[in-house]
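**Q**
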Amino acid sequence: MPYSISSIQAPIDDSMKAFEGKFKSFMKTKVMLLDTIMHYIVQRKGKQMRPMFVFLTAGCMGEISEKTFRGAALIELLHTATLVHDDVVDDSNYRRGFFSINAIWKNKIAVLVGDYLLSKGLLLSVEHEDFDLLKSVSTAVREMSEGELLQIEKARKLDITEEVYFDIITKKTATLIAACCAVGFQSAGADAEMVEKARLFGEKVGIAFQIKDDLFDYGDAEIGKPLGIDIKEKKMTLPLIYALQNTDSSTKKRIIQIIKKESEDSNKVREVIDFVKSTGGLAYANQKMNEIAEEARAILATFPASEYRNSLGDLISYTIERSK
């Protein structure tokens with residue numbers, strides 16, 4: 406792939422390294438059990454996409470400041486809190502290939518750790534009077550919860566339309582990347598109009614990112630996600646929604662019955678995958694993803710020209726061309 410995280414990150418390399426140290430020291434606590442868990446969380450960090458968006462947008466708008474570091478930390482704290490609680494809700498034993506907090510320390514401690522991370526984030530903003538950042542991130546967390554609940558509600562009936570699908574992924578996935586970009590601009594002193602542009606840019610990238618993730622369910626690449634896992638979990642994603650909307654009623658009924666009652670049968674899951682491919686579901690989802698990525702590029706073109714803006718453009722390409 407021509408786009409790598411390390412090349413995209415080049416303009417903010419020093420900031421990302423500094424952030425790692427600041428975040429580690431911020432997570433220190435005098436309670437030994439909590440300190441052990443905080444260390445475990447810090448060690449399991451992924452690609453650090455969220456801080457990247459914060460620092461790149463801040464650099465794009467003007468200056469990476471201490472407020473930018475606090476904004477990135479706030480997002481990481483609140484997002485990590487939601488992940489810890491999600492693993493309890495889902496009774497999940499793994500997160501990014503590592504044992505989840507609840508798998509090692511059980512549910513009670515995991516819930517308390519999530520609460521602790523949430524309060525750390527809130528206090529960080531209140532103590533420095535970063536109320537604009539707090540509003541952006543708190544709004545994102547609220548929308549993420551709404552998106553999860555909307556998906557659960559709709560999954561029972563498998564009646565998700567394309568409009569509802571986009572509502573769910575905007576809330577569940579895109580809203581956090583939108584908050585990262587808004588926080589980056591806010592930390593650099595941008596006015597309300599520019600902050601809203603940044604938020605919308607992040608939202609478009611987040612939607613494209615989720616569609617790409619949904620497409621992985623139908624691919625053959627080794628991506629750390631088993632083939633057909635969304636079908637097995639009865640998640641209605643864009644390729645499937647399109648295919649069901651563009652087939653005859655008897656086929657639609659048969660496919661929905663498979664998803665409802667036979668999704669544990671790998672041969673039946675393969676049947677659904679083949680149906681989606683032959684009905685044009687993948688081609689349609691790819692087309693929508695590329696359209697939304699172009700909308701993000703159009704917004705990006707209104708930002709001041711810089712190496713940071715170039716990296717944000719590469720980040721869009723990485724989002725839709727990645728193989729995992």
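Residue numbers (my numbering): 406 to 729. Cβ atoms here follow ideal geometry from the backbone N, Cα and C, with glycine treated the same way.
1) Could you tell me which residues DSSP pairs with residue 499 in its beta bridges?
2) Mind checking whether residue 725 and residue 609 have CB atoms under 8 Å apart?
3) Judging by CA-CA distance, which residue of 456, 691, 530 is the nearest neighbour of residue 360?
4) Report the rounded CA-to-CA distance for residue 562 versus residue 529, giving the unit in angstroms.
5) So the candidates are 658, 542, 727; which of them puts its Cα closest to the Cα of residue 582?
6) Verify whether the separation of the beta carbon atoms of residue 479 and residue 546 is less than 8 Å.
7) Apart from the five residues just before and just after residue 462, which ones in its own chain have a Cβ nearer than 6 Å to its Cβ?
8) For the structure I just gave you, are there three or more beta carbon pairs, one from the stretch 615-626 and one from the stretch 639-651, closer than 8 Å?
9) What is the DSSP secondary structure of residue 570, reduced to helix, strand or coil?
10) Just the C-alpha distance for residue 447 and residue 429, rounded to the nearest angstrom, thanks.
11) Assign residue 436 to one of three DSSP states: helix, strand, or coil.
12) With a threshold of 8 Å on Cβ separation, who are the neighbours of residue 693 within its own chain once the five nearest residues in sequence on each side are excluded?
13) Over the uninterrupted alpha helix (DSSP H) stretch that includes residue 635, give me the two end residues.
14) Applying the criterion that 16 or more other CB atoms from any shown protein chain within 10 Å of the CB defines a buried residue, is residue 473 buried or exposed?
15) Exposed or buried, residue 675, counting other C-beta atoms within 10 Å across all chains shown (16 or more means buried)?
**A** The structure says:
1) 504
2) The Cβ atoms of residue 725 and residue 609 lie no closer than 8 Å to each other.
3) Since the first and last residues shown for the chain are 406 and 729, residue 360 lies out of range.
4) 42 Å
5) 542
6) no
7) 586, 589, 590, 603
8) yes
9) helix
10) 7 Å
11) coil
12) 616, 643
13) Run containing residue 635: 634-637, per the alpha helix (DSSP H) assignment.
14) buried
15) With a 10 Å radius around the Cβ and a threshold of 16 neighbouring Cβ atoms, residue 675 comes out exposed.
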